[in-house]
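Read through the structure below, which is laid out as structure tokens, and then see the notes.
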Amino acid sequence: MAKTLSLYVERNTFIHRVDSINKILYVLVSVAIPLILPYKFVAVLLILISISFLLLAKVMRRVIPLIEFSVIILLSIVIIQGLFHAGNKTVAFHIARITFYKEGLSYAFTLSMRVINILLAFAILVLTTKPSELIEALVKKGLSPRFGYVLSSALQIIPQMMSAVGSIMDAQRSRGLETEGNLAVRIRAFFPLIGPVVMGSLIETRERAMALEVRAFNSREKKTFLNERQNLRSDNVIRLILFSILSLSIVLRVLL
Amino acid sequence: MKKIIVENLKYRYPLSENLALKGISFEVEGGEFIGIIGRNLAGKSTLCQALVGLVPHFYKGAYSGNVEISGMNVLENNISELSKKIGIVFQNPFTQITAAKLTVYEEIAFGLENMGIEIKETIRRIEYVLHLLDLEKYKDRNPFELSGGQMQRLAIASIIAMKPEIIVLDEPTSQLDPQGSEEVFKAIQSLSREGITIMMVEQKIEKIAQYADRVMLMSDGEVVDFDVPQKIFLRDDLLNYGVQAPVFTRVCRSLNIKNKNTGLYPVTLDEAYELMVRHEQNRS
Amino acid sequence: MNKRRLWSFSFTTATLVLIPAAIGINYIGKLFAGVLKLPLWLDSIGTALASMLSGPVVGAISGAINNIIYGLTMDPISFVYALTSIAIGITVGIIAYNGRINTLWKSIIAGVVVAIVAAIVSTPLNVIFWGGQTGNVWGDALYAYLIAHAVPVWIASFLDEIVVDFPDKIATMIIAFLIFKGLPRKLILLYQSGETIEKLD
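Chains as they are written, first to last, in this note's numbering: chain S, 122 to 377; chain Y, -15 to 268; chain R, 756 to 956.
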């Protein structure tokens, strides 16, 4: 069960071919604009733009599990703020005998749009970019290759360790070990099983570090890349558009 | 030309009281196959690591003496520089996978990318080692999906791709099943045929007897003896060092079957077989 | 023997390899808490161990990368909580460097300190992104109660966070301490010994 940790969805679309650095810039711009122009319709507009990109990339269905967790919290925010927000004055509506207020709901709406906007912009990045390409792009832009290594190896080592623990847990459960019942019982049942995996992973760091050292990990030569991505002419065009939009929003902010 | 020169090498690990290596000296010629034997904690692994520069650069600690690898001084050069001349393969195949690459092909490229080898040359070397270590059909696999023997061959391939003149093998088969071990030993033989100088620590004494030109017997941080296998395995005190002579040697010894030309007992199966057949013929 | 400096920014290969392992341990802790339905997160055991082995800088980086990876693969909002993880890494690193995590009791006290630091850093983030909530049922119930009784958002949010952080960080530090105690000396030395080679004779 060797997998790399990634949400990448393989599709052949224009969005997938966009340079990963541009996708990162897109995230930064979409996070920055609502802060520069704090109007509700700006956030909504950005959300609509991100949704259309996700549709173009044919990955919209994969967005749901990614935002599920946050949406649940957002719903609880709508309820708690709608009921209890400090500035609540104007009654919005009643459900049974419970009263929701406009101020709280409006605040919850602003928060929700802010969070969903960030989530969708990220979704474009993570669903349409191979992690290995993203990391190599960052290294070519000046990220230390040694830290590039840390990122790539984390993406592979995490699933390795998780599957090791998963198979131990399954084996123990099939032997009828407790996952229910008293807290102390549950902890006592599993700690001795997971301890060795954790210890092992730390002890292995010594050998892996040596193995890397003898493969010129700390070499001062300029690194080469086996997979060389061809730069597309569209890369620069997209970058230019992103910077123009950002500058435009700053100008608007100053003028308005 | 001398590939390895070690002069009065002493080493102590950080915060340790005892020397792990207590003044070791020896020389190795290009193309030789050296076997290293001795019990646990005799200093075999420390010596291996001192040849590639992990001792002292990786561990730090206290060091004296002189180690030269193809004319390069180990203390004065960093591990990456040394890796152009000498490579090492460890016991555990799993920890030698970088874990940063998704295919066998890319895994082999890792060291070459770090060394800044141009892509055309990188590809040429990868194709060569894939063939040499019989890994062609796995080139697109994830390294973690390989068997132990395949993984260990990948570790060897990744080192050989860096074109070292010397390769150190520290018990390369101790964590493999019999089939995996055989695969790896076959691979090591093909390296030797390519003219690469080999230093191999190995518990499977019959394999040392079969491959080694010379055998180094270590004990307690010192080199006790360094000679041809027939002489090393003839020593009466071998068991004191936690080593048993190869089974063929012991059988021939109990039957008093010697090689007439050298006056020594055989150490490999082929040699023992031949002498036994001749012995039988002489008797009848 | 010389010891590694507290704020060492020189990353040896061993420290870099430690980071992915630490993050993997964080994930295992989280999985463990989920499967056993524990009311805790247990997702910073690895960060704590990295700090104990290799100091505050490596711990902080482990924490940051942990959240970056979690953000890229599970929940993008986790990115902003990288700040909390960094604070946890730094705090544990400083406490451990001064030799204050060597008994069970001291690891509990370290857990209390870490919980307070984590709550202080998390509260503003909770207020900006979630109006002060944490997403933990017990904490949020307390929060709703406090808000309904006109307690200021900042205080309500801090208390929401800390009721979860106290048990979680104490458990985390106890587990990290027990694991650390079982590690071979050779490994600990690799991370904590100095950076120079001595000359023999």
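C-beta atoms are modelled at their ideal positions from N, C-alpha and C, and glycine is treated no differently.
Show which residues of chain Y have a CB atom less than 7 Å away from the CB atom of residue i.
i	result
residue 346 of chain S	97
Please compile the residues from chain R whose C-beta is within a distance smaller than 8 Å of the C-beta of residue i.
i	result
residue 322 of chain S	776, 779 and 780
Which first and last residues belong to the beta strand (DSSP E) in which residue i is found?
i	result
residue 212 of chain S	212 to 216
residue 209 of chain Y	206 to 211
residue -4 of chain Y	-14 to -4
residue 221 of chain S	219 to 222
residue 151 of chain Y	150 to 154
residue 71 of chain Y	70 to 73
Can you name the residues of chain S whose CB is closer than 7 Å to the CB of residue i?
i	result
residue 76 of chain Y	328
residue 768 of chain R	330, 333, 334, 338 and 339
residue 102 of chain Y	345
residue 86 of chain Y	125 and 253
residue 93 of chain Y	347
residue 36 of chain Y	335
When we look at the beta-carbon of residue i and count the other beta-carbons within 10 Å, is it buried (16 or more) or exposed?
i	result
residue 265 of chain Y	exposed
residue 811 of chain R	buried
residue -5 of chain Y	buried
residue 243 of chain S	buried
residue 355 of chain S	exposed
residue 262 of chain Y	exposed
residue 372 of chain S	exposed
residue 157 of chain Y	buried
residue 191 of chain S	buried
residue 206 of chain S	buried
Mapping DSSP to helix, strand and coil, what is residue i?
i	result
residue 331 of chain S	helix
residue 178 of chain Y	coil
residue 861 of chain R	helix
residue 61 of chain Y	coil
residue 266 of chain Y	helix
residue 217 of chain Y	coil
residue 140 of chain S	coil
residue 161 of chain Y	coil
residue 10 of chain Y	strand
residue 829 of chain R	coil
residue 353 of chain S	coil
residue 252 of chain Y	coil
residue 953 of chain R	strand
residue 772 of chain R	helix
residue 197 of chain S	helix
residue 5 of chain Y	strand
residue 806 of chain R	helix
What does residue i reach in chain S if we use C-beta pairs closer than 9 Å?
i	result
residue 31 of chain Y	Under the 9 Å cutoff, chain S gives no residues; its nearest Cβ is about 15 Å from residue 31 of chain Y.
residue 90 of chain Y	253, 347 and 348
Residues of chain Y with a CB under 8 Å from the CB of residue i: which are they?
i	result
residue 801 of chain R	In chain order: nothing, as chain Y lies at least about 16 Å away.
residue 954 of chain R	46, 47 and 48
For the alpha helix (DSSP H) that residue i lies in, which residues bound it at each end?
i	result
residue 46 of chain Y	Note, residue 46 of chain Y: premise wrong, no alpha helix (DSSP H); beta strand (DSSP E) at 45 to 53.
residue 20 of chain Y	No alpha helix (DSSP H) holds residue 20 of chain Y; the beta strand (DSSP E) holding it covers 17 to 21.
residue 940 of chain R	940 to 947
residue 257 of chain S	252 to 261
residue 99 of chain Y	88 to 99
residue 135 of chain Y	132 to 144
residue 237 of chain Y	231 to 239
For residue i, which residues from the same chain have a beta carbon less than 7 Å from its beta carbon, with the 5 sequence-adjacent residues on both sides left out?
i	result
residue 142 of chain S	258 and 262
residue 130 of chain Y	122 and 138
residue 771 of chain R	none
residue 122 of chain S	Note on residue 122 of chain S: pLDDT 39, under 50, position unreliable in the model; the coordinate value appears next. Hits under 7 Å: 284.
residue 756 of chain R	Bear in mind that the predicted position of residue 756 of chain R carries a pLDDT of just 45, short of 50, making it unreliable; the figure below should be weighed with that in mind. So the qualifying residues of the chain are 948 and 949.
residue 878 of chain R	909, 912, 913 and 916
residue 163 of chain S	154 and 155
Residues of chain S with CB closer than 8 Å to the CB of residue i, please, in chain order.
i	result
residue 80 of chain Y	328, 329 and 332
In chain order, what residues of the same chain lie with their CB nearer than 6 Å to the CB of residue i, ignoring the 5 residues before and after it?
i	result
residue 842 of chain R	872 and 876
residue 926 of chain R	795
residue 64 of chain Y	none
At 9 Å on the CB atoms, spell out the chain R contacts of residue i, in chain order.
i	result
residue 207 of chain S	902, 905, 907 and 908
Starting from the C-beta of residue i, find all residues in its chain whose C-beta is less than 8 Å away, skip the five residues before and the five after it, and write them out in chain order.
i	result
residue 233 of chain S	195, 198 and 199
residue 10 of chain Y	-12, -10, 200, 207 and 210
residue 704 of chain R	Chain R is shown only over 756 to 956; residue 704 of chain R falls outside these bounds and no answer can be derived.
So with CB distances below 9 Å, who are the chain Y contacts of residue i?
i	result
residue 342 of chain S	64, 98, 99, 100 and 101
Mind listing the chain C neighbours of residue i? Cutoff is C-beta to C-beta under 8 Å, in chain order.
i	result
residue -6 of chain Y	This model lacks chain C altogether; the protein chains it does include are S, Y and R.
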